[in-house]
Amino acid sequence: MKGASAGQAHLGRGGLRFNPVLLKDNRQAFFDEVIPHEMAHWLVFHLANGTRLKPHGREWQSVMRNLFGLVPRVTHRFDIQRSQPRPYRYECGCQIHHFTARRHALVVKGRRYRCRHCDQTLVYSAFENL
Ligand SMILES: [Zn+2]
Ligand SMILES: [Zn+2]
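Here the sequence shown is numbered in the UniProt record's numbering, starting from 1 and rising by one per residue.
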């Protein structure tokens, strides 16, 4: 996978996907944290017989703590400059826009951007990460 996400669990099909750029740059952290994180999603899904629980809810946190002995975190701290230079996600009425840290900082200071297609003001929705 690409972008700022380190990994993702494809629950129904049982596959785990990882970001090769971030893996290469953060090999130890991947084995210590990212792989257990995604494995915990996979385990919880199958232990719950396919019921969709909250992704990082009580069950997932308990697998992270009790099985892997890890603090359940939902964001990583890798340098994403190389893999995702525009990690800030904005939404309008018609699509998702991705902003750089610099552009996002201008919005925080009060600057507004509009979508060229639907003319709605772009609203910050998430910092994409894990
Ligand atoms: Zn997760
Ligand atoms: Zn739009």
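Glycine included, C-beta positions come from ideal geometry on N, C-alpha and C.
- Taking all protein chains shown into account, His-104 has 16 or more neighbouring C-beta atoms within 10 Å of its C-beta and is therefore buried.
- In the DSSP annotation of this structure, Leu-16 is not part of any alpha helix (DSSP H); the continuous beta strand (DSSP E) holding it starts and ends at 15-18.
- Not one heavy atom of ligand 2 lies closer than 6 Å to the C-beta of His-98.
- Note on Ala-40: 16 or more other CB atoms within 10 angstroms of its CB, so buried under the neighbour-count rule.
- The alpha-carbon of Val-108 is positioned some 35 Å away from that of Arg-52.
- The shortest C-alpha to C-alpha distance from Gly-93 to any of Thr-121, Pro-36 and Ile-35 is the one to Thr-121.
- Distances taken from the Cβ of Gly-93 to the heavy atoms of ligand 2 include one shorter than 6 Å.
- In the DSSP assignment, Phe-45 falls within the unbroken alpha helix (DSSP H) covering 35-47.
- Under the three-pair Cβ rule at 8 Å, the segment 82-91 does not count as touching the segment 50-70.
- With a cutoff of 6 Å, His-117 counts as near ligand 2, since its C-beta is closer than that to a heavy atom of the ligand.
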